[in-house]
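Protein chains in written order, with my numbering: chain A, 1 to 139; chain B, 10001 to 11018; chain C, 20001 to 20321.
Where is the CB? At the ideal position from N, CA and C, for every residue including glycine.
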């Protein structure tokens, strides 16, 4: 029996992180098949509710990734996003959500290896936590 | 023969060639982009990061590369050479040789099976030989075009007649060993050369041990080592023992500023390049110790000095002003540097790794090219161009840009490329065109109100996907999803026959949404959108699931889990597709006139560039004369006459039928947006006039800083360089002898309050010192400086001045030259200057007959007002801040507004001319269109929900949202919105949404998977 | 000094000098322990104005909830420290214009939480309340209680840092100045010291009680969307059940919506019929906003609201890798 595979939603900006994820594949870097990617134009598009909803619908974790500071294709979308995440993350931890369930990262189009590493790390961390229960709505 | 006189040939597909091609194509010009290597991109893809923002090089370049590849007016000829240009300007015939590729690009699906099987390993040129590639390969992973090519020098079959493994494994039969070189003739109106540079090869520099010592690398090799996609995955390790180095030395000016090897020019970019690399290396490892050995730090560009300061004071990079004499390799591979300080002291220090900051030199083969094309080179072998025509070769109709005619960094290359385009279009006869034409040819099916009927196509991509993922299973699963009407697996979704089949299925099953599960939307979405568009569906009714790049390739050893993931990805794609709606790109009309603000050299040049291309220009100048700062420039380092050029330019402006000069005029208000600006102008007599125009060029200039340092204003013997130049010109020297003349550099620059280098002062002072020597042979010159920044070809004049006996004294901000009047009560008294000589380590006192100051260049105060009016940003120094410091150097984030000249940052006449032409050219990319199309994926407002709080307005980087204060609601300007969605996520009220990425569409993705609370083991 | 008298004088003067067309103040409520909003447009009406411990209402709420009525009118408003911050936010958020508002600051020693008083009287109706300063006397049928003031003040007031208006045109009486208030954060630090699962259990216990009456939102001076996201159906932002995941998501998102905008007036908590400790999350968010962005909601009339702004060099340790 293989080990439990969490399902993690990855919200990636089109210009950097999504491209970095592609590069990881093109370079045949191997990482756990845990993430489910949603492509959006910019990390600035991410409403904190996206993260809450995904947790509620049963994803074991959420990763949001955008361009590094200064690299944003839309000039400052990632800075706008960063403020939201900077409040959301401590708030989620405050209410008792496990800190590693929700993560943010900056991954550039050239950082295929970083993408693979980030996915590996978040997967391992979530595997340690086990399946999500808090915030998951039971139907 | 292709007979298109309204076309241009661009040679070289580096960033300059790409930019020139894109600008031309946007103006409606057909472009032939000729590139010698198998990919476009040039040097930039080799770079990890770019200074001074540490932007990821590939991140910023790849959108431009794909735009270039996609543009219908750009034909890319890879592996091609330009052999000959015959004919006359406006009607050239170019002979191009397209070398054999041995792989049919139409059949190749870039699956990479051939490369995997190819037995021949060769040095990877892209990775500077630090990694191996194969005889059949892609130049680099993100090459465009992405198809494979065979290197005939190494291919076993082509050289020895054996192997053919690639042919055997190729699933599409794309290998063609019979491929031949092709000769084609292209008829064009103009030619733009952008062949770039070669890095200096330091193999001849025995004292640094390059190639003998494994831990001595060039800066370009080090760049590949730093790169995450490089040969070491971004882990900097030494070649000798694969251990991370703890101490790195950067040696500057290897192959630059060196008379002994005929390279008495400064390569301009290497100082910043080394600073960047030292910062990045330190970011990789905090404990790392980095030292830069240099003569002068030439951080002369916009925001460069701040970067330099950050490297030194924040990152702790050591800057050591000294000359490295030699390097000795120690047992174990470490390297002992012997270096000499200014005062002659010698020091030995051991480093783990040495990076040689190699200079830029002319391309190999540029001599032959110059002969083939009949253009002149300068004495260093760069393409010749003169001060006032910096983008023209010696042959009319052939233009030059990028570093081909002298060292340039990326933004300067981009500027020169756009600038060269302005010259080229003058030779063409361009009509305004309609971009929306063509898009509406197929009648679009109205799907609004229809139940979603989704078609799913799951691609095998040969074995790229199907070798890992059970595609049949995925396709079968999709059949059971809500709203899925049809689902099947296909061999190559992107192949021509499959695209046709998708169209048939749309017809057959009356599909109104299409999902393709295949490679990646980044490369293939445009193709599939075109396809469904051909079948009468709105192109936005398409969604892609990435099951190759982000699945099969990343989970090659876990087929079952990869299949499970693919199922989820398809389910999510269908979830989104279900809620997709057709989007329209609305046309925005463009007024054909331009407003140019500022009648200096930059403003006038820009106005001429636009007017020469057939557009009316309003040239607004607040003073009563044209010419700006150039009225005070009388000499040039190369001997050309600025006043003559200025007079000619003013005459052309005044007699140009397309230019209306509005002198003594002030701008009261500018309203509107791209294509539709309205400007209220007040002239000297108080009369008001409203102008309507499509674009704005900001060329408000700058002015000499008013200093009170060094007794300026209190002594008649203390003057500025500007005043000195006029004195030299009029030959009205102060009474008495003029024997001792002291120059002080950086007056007001590079210190608190003005943390920038004013760039031109070093060269200007050198120029005026040389003038003085020619007029007063007996004058002794003392030059107080911090770093001499005579970059590029000005370096030779600096060494001339040094060789002529002028004395140079380096000072630091804490130890500025001290001045006092010899007779304090006499304003005409000579000035006693005390200079510290760091070579002799003692003070030198000079009683100066003249003290000439080089004050900073200040931006004009009215920039602030203009910035507010146009909603464009200023940087912390009060200079206009362009959209992107590297790749959009004359644009603003707000469309339709451009910047050039000193308003952007200090620069010399040549650079101002190039940038002004670039601004003109960028303006023409709009003016040459009757209308542009707004983005399809843009934000929209639900008025009933908006409370007008203005957060959206604040977070919008494009000034695309404004709060209507009467109604208290947000109003989006479709023309300016770029569709990032930052406003949408910042809207608490749910009043905003982003078309194409609506809340509803995204919610349906998050909710699409049926995940049980505690799901079992897969 | 009698604040009520001074306030009346001030209102009369503003009306007499035609500096305002309308003045928003409080008057004695029909029930004991309550004050209700008073709209003053004549000098006579000014005599009904009061200011005491019952004046919990944040009057700025009218600027946003009845926006049209205030367009192009000169309006005066009496404000406590927290109310003034709301007014500043209203100005920053373009709901009113500074030049159209005359802000009159009143010295505030805290307002009472009716629920706390009723807990002391075991639910018996209070007919009269006498403010003695350190203590208050509450009287009802057959009882007469002397209570320590701190026992009945709103939790928000006990932890108040800015009792005085920081932005005003007129200030009545003596300002209390900034009150360094450690207790405001102590609760948060204590909570943070618990393990994640202990915090989760406590959070869940709190928010499981929510009956989605939306009283918290309705009294909130910073909640003025035309249609709250929970009430939107196209698309539906969150589930409409009283499942604790739905209620908690509502509160977390509401907290984020008032990030950098919550003035910690405590109105939500006073209004909550289920006694949920709503302020805790608000304070946590305010703490993060202050630590990270250096911003305190509604203090700086020349600033930008925190969540509509950014700086390039913000702390980002929470970013992975």
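Cutoff 6 Å; reference residue i; Cβ partners in own chain excluding five residues on either side
| i | result |
| --- | --- |
| residue 10620/B | 10597, 10662 and 10665 |
| residue 10218/B | 10356 and 10358 |
| residue 10705/B | 10748, 10855, 10856 and 10858 |
| residue 10905/B | 10302 and 10879 |
8 Å Cβ cut-off: residues of chain A touching residue i
| i | result |
| --- | --- |
| residue 10557/B | 30 |
| residue 20256/C | 48, 84, 87, 88 and 91 |
| residue 10981/B | 40, 41, 42, 44, 45 and 77 |
| residue 20192/C | 94 |
When the options are compared against residue i, the one with the closest alpha-carbon
| i | options | result |
| --- | --- | --- |
| residue 10120/B | 10137/B, 10112/B, 10632/B and 10231/B | 10137/B |
| residue 20106/C | 20088/C, 20096/C and 20082/C | 20082/C |
Contacts around residue i, its chain only, beta-carbon distance under 7 Å, and the 5 residues preceding and following it disregarded
| i | result |
| --- | --- |
| residue 99/A | 93 |
| residue 10533/B | 10442 and 10539 |
| residue 10737/B | 10849 |
| residue 20215/C | 20271, 20272 and 20273 |
| residue 10194/B | 10010, 10011, 10012, 10014, 10016, 10017, 10020, 10401, 10402, 10404 and 10417 |
Pairwise C-alpha distance: residue j and residue i
| i | j | result |
| --- | --- | --- |
| residue 10403/B | residue 10197/B | 6 Å |
| residue 10438/B | residue 10964/B | For residue 10438/B, the pLDDT reaches just 47, beneath the cut-off of 50, and the residue's location in the model is therefore unreliable, although a value from the coordinates is still provided. Those two C-alpha atoms are separated by around 36 Å. |
| residue 10953/B | residue 20025/C | 33 Å |
| residue 10015/B | residue 10061/B | 8 Å |
| residue 10634/B | residue 10643/B | 6 Å |
| residue 20112/C | residue 10986/B | 35 Å |
| residue 38/A | residue 10574/B | 12 Å |
| residue 10370/B | residue 10399/B | 12 Å |
| residue 10992/B | residue 10946/B | 8 Å |
| residue 10238/B | residue 10353/B | 7 Å |
| residue 10351/B | residue 10631/B | 52 Å |
| residue 20158/C | residue 20269/C | 13 Å |
| residue 10808/B | residue 10723/B | 22 Å |
| residue 10229/B | residue 110/A | 6 Å |
| residue 10934/B | residue 10978/B | 8 Å |
Per DSSP, cross-strand counterpart(s) of residue i
| i | result |
| --- | --- |
| residue 20137/C | 20130/C and 20146/C |
| residue 10247/B | 10289/B |
| residue 20255/C | In DSSP, residue 20255/C forms no bridge with anything. |
| residue 10323/B | 10340/B |
| residue 10689/B | 10681/B |
7 Å Cβ cut-off: residues of chain A touching residue i
| i | result |
| --- | --- |
| residue 20292/C | 86 |
| residue 20319/C | 104, 105 and 106 |
8 Å Cβ cut-off: residues of chain C touching residue i
| i | result |
| --- | --- |
| residue 10963/B | 20094 |
| residue 10986/B | 20307 and 20308 |
Cβ neighbours of residue i in the same chain (closer than 8 Å, five flanking residues each side left out)
| i | result |
| --- | --- |
| residue 96/A | 134 |
| residue 10325/B | 10207, 10338, 10339, 10340 and 10346 |
| residue 69/A | 78, 79, 82 and 106 |
Proximal residues of chain C, C-beta to C-beta of residue i below 9 Å
| i | result |
| --- | --- |
| residue 101/A | Here the premise fails: no neighbours, minimum Cβ distance about 10 Å. |
| residue 10945/B | 20225, 20226, 20227 and 20232 |
9 Å Cβ cut-off: residues of chain A touching residue i
| i | result |
| --- | --- |
| residue 10561/B | 2, 5, 32, 33 and 34 |
Interface residues of chain C facing residue i [CB-CB closer than 7 Å]
| i | result |
| --- | --- |
| residue 10051/B | Those do not exist, as residue 10051/B stays about 16 Å from chain C at its closest Cβ, beyond 7 Å. |
Residue i: contacting residues in chain B (beta-carbon distance under 9 Å)
| i | result |
| --- | --- |
| residue 65/A | The premise fails here: residue 65/A is roughly 13 Å from chain B at the closest Cβ pair, so nothing lies under 9 Å. |
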